[in-house]
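Chains as they are written, first to last, in the working numbering: chain A, 1 to 218; chain B, 219 to 436; chain C, 437 to 680; chain D, 681 to 731; chain E, 732 to 934; chain F, 935 to 1137. Virtual Cβ for every residue (Gly too), placed ideally from N, Cα, C. All remarks here apply to the structure that follows.
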Amino acid sequence: MSALLLRDLRLAFRAGGGFGLGLAFFLIVTVMVPFSVGPNSATLAVIAPGVLWLGALLACLLSLDRLLALDWEDGSLDLLATAPLPLEAVLSVKSLAHWLTTGLPLVLAAPVLGVLLNLPAGGYLWITLSLLIGTPALSVIGTFGAALTVGLKRGGLLLSLLVMPLYVPTLIFGAEAARRGAAGMAVETPLLMLGGITLGAIALLPFASAAVLRVNLR
Amino acid sequence: MSALLLRDLRLAFRAGGGFGLGLAFFLIVTVMVPFSVGPNSATLAVIAPGVLWLGALLACLLSLDRLLALDWEDGSLDLLATAPLPLEAVLSVKSLAHWLTTGLPLVLAAPVLGVLLNLPAGGYLWITLSLLIGTPALSVIGTFGAALTVGLKRGGLLLSLLVMPLYVPTLIFGAEAARRGAAGMAVETPLLMLGGITLGAIALLPFASAAVLRVNLR
Amino acid sequence: MSIWEYANPKKFLHTSERVLPSLWVASAALIVGGLIWGFFFTPDDYRQGSTVKIIYLHVPAALMAINAWFMMLLASLIWVIRRHHVSALAAKAAAPVGIIMTLIALITGAIWGQPMWGTWWAWDPRLTSFLVLFLFYLGYIALWEAIDNPDTAADLTSILCLVGSVFAVLSRYAVNFWNQGLHQGASLSLDKEENVADVFAFPLYTCMAGFILFFIALVLYRTGTEIRARRMKTLIARERMSDA
Amino acid sequence: MPDLGKYADTVLSAYAASLLLLALLLVVTLWRGARVRSELKSVEKRIRGNG
Amino acid sequence: MIDVRDLSVSRAGFPVLEGVQFALPAATALVLRGPNGIGKTTLLRTLAGLQPPLAGEILGDPDDIAYAAHADGLKLTLTVEENLTFWARVFGAHDIEPAIKAFNLAALRTRAAGSLSAGQKRRLSLARLMVTGRRLWILDEPTVSLDAASVQLFAATIRAHLNSGGAAIMATHIDLGIEGRVLDLTPFKAKLPALDADDGGFL
Amino acid sequence: MIDVRDLSVSRAGFPVLEGVQFALPAATALVLRGPNGIGKTTLLRTLAGLQPPLAGEILGDPDDIAYAAHADGLKLTLTVEENLTFWARVFGAHDIEPAIKAFNLAALRTRAAGSLSAGQKRRLSLARLMVTGRRLWILDEPTVSLDAASVQLFAATIRAHLNSGGAAIMATHIDLGIEGRVLDLTPFKAKLPALDADDGGFL
Ligand code: HEM
Ligand SMILES: Nc1ncnc2c1ncn2[C@@H]1O[C@H](COP(=O)(O)OP(=O)(O)OP(=O)(O)O)[C@@H](O)[C@H]1O
Ligand SMILES: Nc1ncnc2c1ncn2[C@@H]1O[C@H](COP(=O)(O)OP(=O)(O)OP(=O)(O)O)[C@@H](O)[C@H]1O
Ligand SMILES: [Mg+2]
Ligand SMILES: [Mg+2]
């Protein structure tokens, strides 16, 4: 189990920095927003928490296709499926590795990028906290999507299409918490809901992911 | 030449609708924006042109990795490089196929999605026109990025990282034209600049793309 | 004599062919009748004017959009548990009908919103959750299309449908929490005072019944088509096997 | 034709769009049904003809 | 070690082989032969537990099987040593030295797997079998791309594995110089199913 | 057809083979042999013009070469026929029937390439050579995964190609039953460069 986690982390670091790239994408989306909506700082401040959440979500989404597809292509997944590890555990570990290499860096970077978007001072704590609570759900849900599409030739965009609607509740509660936090309103309810989604997803989705992966392998 | 175009179009249609998927991604990004920045329709109207441009750009970006990587993986690219077609022409045709399957549908969908974002009534013409002029540049520049990263194992995110800065001028002029149009201001200058970028990119970039592809193949 | 007999494709085809003609006729009669009744023979609403006539399309379509998903959920469960091919194919057959119903509800709603709320679209919870439903349909259909092997496709799409349903409900709550709506509440519930007046209600019921029958007829017919397509695929594969 | 007042465009376009979509759905369904049916028939004939 | 009774296997929902039957005691090898497309890969995947059989049974402990497919399952950015160590840890074994030695990988151990030639990669993926500690090896065309010397190494490894009580099933088109039963799959080719089978299926 | 003089080839910037020298007249075949990792693939890619030589020259018309690599270059979602037609059109040839016949693909012609077995795929990728109309075929382990009958088909195709004035260079580890010169690459293995060679490189 820990061997798998270590291997995935090592691969992420070694493959030309799978680690830094999610982060870089996040940075670039954030930077592109002023180019596209215009440089007015009042507008930017209003949309800042939302942009940070959306950017994190997209960065996460884009890294999903390397979550399982690489192992599928070179045959490792067949071998892992016949190894003495339950597939549910394999997938949970892979979600964890994905979160550590993608979600966690995004959480840490968000406050820095908030500066670029004129995020109001009260918002920094809440954007970080909401991302910290919400991104694990993104990884786990994403693993399900990756397992669904793993057999398909370059299922990249299909993967996005399938996963996006599943991300809706997480995004809504997460962004709502961040926005309320930035506006100085109460954030307990959305944060609690967000936590509930994350815990539920971590507890249940690996079983669904393993089931679809088994179907795809056969 | 036409054989290659036909094949690429056929592959796009057959691979579970590579055609519709860029579109679906565009739709999803547009839908997610209100979830993240909140449902206030005045705010949405202000950022609508920018969001549409950014969404189109991201949809384009995400489909780049199937532009050359698939041909690379199964060895077709080696074979095409030794075939009696100049590599520049091969890459131009591939850009064209990419635009037909990704850029053009985005242009057609943009006004519909504008409705979801409360795009001001004057903006519909200009968002469509600016995308029509700008998206070919996105495909050609993207081909260059794809050729740069084709040898790398799952260069997906690296590709985004490299291409994004190259997209900046196109995005700035395109979004500026759309925003001015929506606000009822003069749009000639940004549209002309946009057209210039597109023509320049179409004329010159295929040579650069072919050069980097040759390096990657050896 | 159990209901599972119809899980045999032949039996299913045989029976559905017998009931389909009357279903087509009944649904056409109800829809056309209900629409004519509603369009020509009901008064205008005192607040909404003649736009109230849109309700005869809008509400039945919205109803079927949701119920089609329920039907797919049920059929997916049957496939997962009992592995009857017909039920998987029925789920596949229902999805495009469901997405068109969703689209009709969205479009009529948008057209209605223009005079009533002064905007084509607002991020009202009900509207928003329909948009999300539309995305679920889109993903579901795309997944069916993307997979060659029919059994694999059936397995994957049915699990997607189960997981998706959970998330669709979650989205509904999330969206409600996120924005208070403009849209009227369910006014057909029996105990509310603000029920639509009977003049509107009866043609509406007629149309709803018509849409339900139309949906059933379409799904039966399309399931038959899927069964035949599946048999054809198998036959062609069999033929290849014989000369490969 | 009832008097639709100032909302005539709204009501009529809603009806037109919905009926168009319903008709489209029906036509596509029937068309694909007929095509699959006839293709299946020809395949069956070919196969049984071959033995 | 494994006992296969009246097994039918299918690919893409269609029967490929029917009525395959064999028993493989410990310390023996079985070589599967048959023309391209007969269903060797499909049979091996079924035995390895990656897909369910269409009919018949497979008696044996699925947790005692190590499978090696057409694809190598190597991580190209990891070194030879890291690749082996990973699989050793997954399978709970710990010593990779015998495997390195048996396949003559010592000189390559710190090289990234991506920089190996086709045959060197193959050697590495065969070495993986030795660190699984599993007793039944299921091998799909194991010697593709190997030169004569490496084929000898491979044969010697198989012999050692058999002598220590293991067993192996392999599909191959060429002669490996391994003594073992040969099973030609041609006679088991699935017959055409009846056109009107009333089984709730689609034929 | 091709004349190779004192050729050195490199992989990842490091010399692999040195001083390779041969001339191949029309209507002859050259079989490259050598242990795994000696540099056969690298040499063939250089000959095909995919990478520049390190030293030496290759005389011959690069536009008369068709290359077939380890990878198949097939589009898995296209059918056998569509795959072949595409390459035929790219190379300006138009008739794919001889190729279909030569590799016994008639029964598979409407199947998606993705649904073929390993050997069937290989047959398809070899058939591609016939529609190129090129005279010099460069083949890297062409018979991997092929059964005995298909190897015969392949040998017959090569013989026909040679008889019609073509030529072929192939790397292989097994015996194909094709008469032709055999070149063992072992003696050409690059020596270690001197540590202080003053050539502007880093050694
Ligand atoms: C564009 C998107 C819209 C969507 C997706 C939508 C969705 C729905 C749904 C799902 C229902 C069924 C509710 C139920 O029976 O519980 C419904 C009913 C209804 N809608 Fe809409 N709606 C939209 C826009 C509008 C607009 C703009 C109006 C008019 C101002 C409108 C008026 C009504 C009315 C009067 C009902 C009947 C409610 C009832 O009394 O049950 N809708 N709509
Ligand atoms: N998706 C599919 N649809 C139809 N037939 C298929 C599909 N996939 C594989 N087949 C067929 O199943 C048969 C068994 O294939 P398999 O890969 O098991 O053969 P094999 O014996 O391993 O051949 P090889 O020696 O070439 O590797 C082949 O005839 C193949 O064409
Ligand atoms: N990136 C690299 N760094 C260092 N050495 C490399 C790199 N890539 C390849 N090599 C070495 O170059 C040599 C030539 O490899 P090549 O693939 O040409 O061998 P080959 O003769 O085709 O072998 P095989 O019979 O196994 O296919 C091998 O020894 C290989 O290890
Ligand atoms: Mg095989
Ligand atoms: Mg080689």
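Could you compute how far the alpha carbon of Leu379(B) sits from the alpha carbon of Leu27(A)? 10 Å
Since Pro746(E) meets chain A, which of its residues come closer than 8 Å, beta carbon to beta carbon? The premise fails here: Pro746(E) is roughly 15 Å from chain A at the closest Cβ pair, so nothing lies under 8 Å.
Helix, strand or coil: which one does DSSP assign to Lys489(C)? In the structure shown, Lys489(C) adopts helical secondary structure according to DSSP, grouped into three states.
Please confirm whether Thr538(C) has its beta-carbon closer than 8 Å to some beta-carbon of chain A. Residue-level contact check: Thr538(C) does not touch chain A, since none of the beta carbons of chain A fall below 8 Å from its beta carbon.
Would you grab the beta carbon distance between Thr361(B) and Leu276(B) for me? Rounded to a whole angstrom, and I think it's under 8 Å. The Cβ separation is near 17 Å, so there is no contact.
Which residues bound the beta strand (DSSP E) around Glu306(B)? Taken as a continuous stretch (DSSP letters only), Glu306(B) belongs to no beta strand (DSSP E), being part of the alpha helix (DSSP H) at Leu305 to His316.
Flag Gly151(A) as yes when its Cβ comes closer than 7 Å to any non-hydrogen atom of ligand 2, and as no otherwise. no
Examine chain A for any beta-carbon lying closer than 8 Å to the beta-carbon of Ile265(B), and answer yes or no. yes
In chain F, which residues lie with their C-beta within 9 Å of the C-beta of Leu676(C)? One detail in the question is off: residue 676(C) reads as Arg in this sequence, not Leu. Under the 9 Å cutoff, chain F gives Ala1041, Leu1042, Thr1044 and Arg1045.
Scan the stretch 949–991 of chain F and note each continuous alpha helix (DSSP H) run of 4 residues or more that stays entirely inside, going in chain order. 974–981
Complete alpha helix (DSSP H) runs within the stretch 1043–1080 of chain F (minimum length 4 residues, chain order): 1052–1066
Give the DSSP-derived three-state secondary structure of Lys922(E) in the structure shown. The answer is coil: DSSP assigns Lys922(E) none of H, G, I, E or B.
Cut-off 6 Å between Cβ atoms - residues of its own chain near Asn216(A), not counting five sequence neighbours on either side: Same-chain partners within the cutoff: Val150 and Gly151.
DSSP-derived helix/strand/coil call for Tyr1001(F): Residue state, collapsed to three classes: strand.
May I ask you to report which of helix, strand or coil DSSP gives Ile127(A)? helix
For Pro34(A), count the other beta carbons within 10 Å of its own beta carbon; 16 or more makes it buried, fewer makes it exposed. Which is it? buried
Ser310(B): CB within 7 Å of a non-hydrogen atom of ligand 5: Because no heavy atom of ligand 5 lies under 7 Å away, the Cβ of Ser310(B) does not count as near it: no.
Given 7 Å as the limit, tell me if Arg742(E) has its C-beta closer than that to any heavy atom belonging to ligand 2. Within 7 Å of the C-beta of Arg742(E) there is at least one heavy atom belonging to ligand 2.
Between which two residues does the alpha helix (DSSP H) holding Met901(E) run? Careful: Met901(E) lies outside any alpha helix (DSSP H), inside the beta strand (DSSP E) at Ala898 to Ala902.
Thinking Gly399(B) and Trp344(B) are a contact (beta carbons under 8 Å), I'd like their distance in whole angstroms, please. 2 Å
From what residue to what residue does the beta strand (DSSP E) around Arg736(E) run? Ile733 to Arg742
Please work out which residues of its chain come closer than 7 Å, Cβ to Cβ, to Asp1118(F), disregarding the five sequence neighbours upstream and downstream, and give them in chain order. Within the same chain, Cβ atoms closer than 7 Å to the Cβ of Asp1118(F) are found at Arg967 and Gly968, the five residues on either side in sequence being excluded.
CB of His801(E) to nearest heavy atom of ligand 4: below 7 Å? yes
Between Ala1082(F) and His904(E), how many whole angstroms is the CB-CB distance? I'm expecting something under 8 Å. 7 Å
Proximity test, Cβ basis, 8 Å: Leu923(E) and chain C: It does; some Cβ of chain C falls within 8 Å.
Partners in chain C for Ile345(B), counting only beta-carbon separations shorter than 7 Å: Ordered by position in chain C, no residue passes the 7 Å Cβ test against Ile345(B), which lies about 16 Å from the chain.
If you compare alpha carbons, which of Glu88(A), Val187(A), Ser130(A) and Pro120(A) is closest to Leu108(A)? Ser130(A)
Cβ separation of Ser209(A) and Leu91(A), assumed to be a contact under 8 Å, to the nearest whole Å: 5 Å
Judging by CA-CA distance, which residue of Ser739(E), Gly770(E), Leu738(E) and Asp734(E) is the nearest neighbour of Ala754(E)? Asp734(E)
With 16 as the cutoff for other CB atoms within 10 Å, does Ala12(A) come out buried or exposed? Buried.
Using only alpha-carbon positions, find the residue among Ser607(C), Ala610(C), Gly575(C) and Ala497(C) that is nearest to Ile595(C). Ranking the options by Cα distance to Ile595(C), first place goes to Gly575(C).
Neighbour list for Ala797(E) in chain C, Cβ cutoff strictly below 7 Å: When 7 Å is used as the limit between beta carbons, Ala797(E) is near no residue of chain C, the shortest such separation being about 26 Å.
In angstroms, rounded to a whole number, what distance separates the CA positions of Thr320(B) and Leu279(B)? 10 Å
Using a Cβ-Cβ cutoff of less than 6 Å, which residues in the same chain neighbour Arg776(E) once the five nearest sequence positions on both sides are dropped? Gln782
Val249(B) by DSSP, collapsed to three states: which one? helix
For Ile490(C), which residues of its own chain have a beta-carbon under 8 Å away from its beta-carbon, when the five flanking residues on both sides are left out? Thr544, Ile547 and Trp548
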